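Each residue of the sequence shown is one higher than the one before, counting from 54 in this note's numbering.
For each residue, glycine too, the CB sits at the ideal point set by N, CA and C.
Treat the numbers as computed from the prediction; the structure is a model and nothing was measured.
Heads up, the thing below is written out as structure tokens.
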Amino acid sequence: MPIGATLTKNKFAEALTVGSHGSTFGGNPLACAVAIRVLDLVKQDSFLDAVKAKEELLKQGLEEISNKHQAFSQIRSNGLWFGCDLNQKDKVNSLLDLCYEEGLIGISAGTSTLRFAPALNIPDSDIQEGLFRLDKALKRF
């Protein structure tokens, strides 16, 4: 469902008059209904608790893999948005290629940071599988 949202401060929002900001898919009834349901789910404490648990699972796994391979100088997260700074500078694309060969898709931030941003509802088993594939890629790195 194509939909977007913009969060901004009031002082910036005041510059947007009615009709001055829109999109091709703006107001699509089906997309809006889906978005409302998603927001209802995300606002539930149980959903956010599950995201925190998944963040901890992924962070712990990344730390274990990093210790095993001396891979990362720092691992940062905010929810399930992760940045892992490589100890080997300017090598993130080489690692991403190996990850891709192992069936794991990541993205870079700059030349030395590996990023992961899985879905907030990712099953724990998929997190474990992703960690397994990252471990295999780092063995070859």
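Legend entry - Cut-off 8 Å between Cβ atoms - residues of its own chain near residue 126, not counting five sequence neighbours on either side: Walking along the sequence shown from the start, residue 126 turns up at place 73. Same-chain partners within the cutoff: 138, 139 and 140.
Legend entry - Backbone secondary structure at residue 63 - three-state DSSP: Your numbering for residue 63 matches position 10 in the sequence shown. It is helical.
Inset, instruction - Measure the beta-carbon distance from residue 135 to residue 169 and round it to whole angstroms, keeping in mind my assumption that it falls under 8 Å. - result: Residue mapping note: residue 135 aligns to position 82 of the sequence shown, counting from 1. Residue mapping note: residue 169 aligns to position 116 of the sequence shown, counting from 1. Contact flag correct, Cβ pair sits at about 4 Å.
Inset, instruction - Any chance you could list the alpha helix (DSSP H) runs of at least 4 consecutive residues sitting entirely within the stretch 57-106, in chain order? - result: Contiguous alpha helix (DSSP H) elements confined to the stretch 57-106 occur at 63-66 and 82-95, taking only those with 4 or more residues.
Legend entry - Cβ contact (3+ pairs, closer than 8 Å) linking the stretch 102-112 and the stretch 160-178: Cβ pair count under 8 Å is three or more, so yes.
Legend entry - Under the three-state DSSP convention, the category residue 126 falls into: Taking the first residue of the sequence shown as position 1, residue 126 is located at position 73. DSSP places residue 126 in strand when its eight states are reduced to three.
Legend entry - For residue 138, the first and last residue of its enclosing beta strand (DSSP E): Stepping through the sequence shown from its first residue, residue 138 is reached at position 85. Residue range 134-139 is occupied by the beta strand (DSSP E) that includes residue 138.
Legend entry - DSSP three-state assignment for residue 149, whether helix, strand or coil: Your numbering for residue 149 matches position 96 in the sequence shown. Of the three classes helix, strand and coil, the one that applies to residue 149 here is helix, per DSSP.
Legend entry - Top-ranked residue by Cα proximity to residue 111, from 192, 180, 191 and 189: Along the sequence shown, one-based indexing puts residue 111 at 58. Nearest C-alpha to residue 111: 180.
Inset, instruction - Name the one or two DSSP bridge partners that residue 161 has. - result: Within the sequence shown, the letter at position 108 stands for residue 161. According to DSSP, residue 161 bridges with 167.
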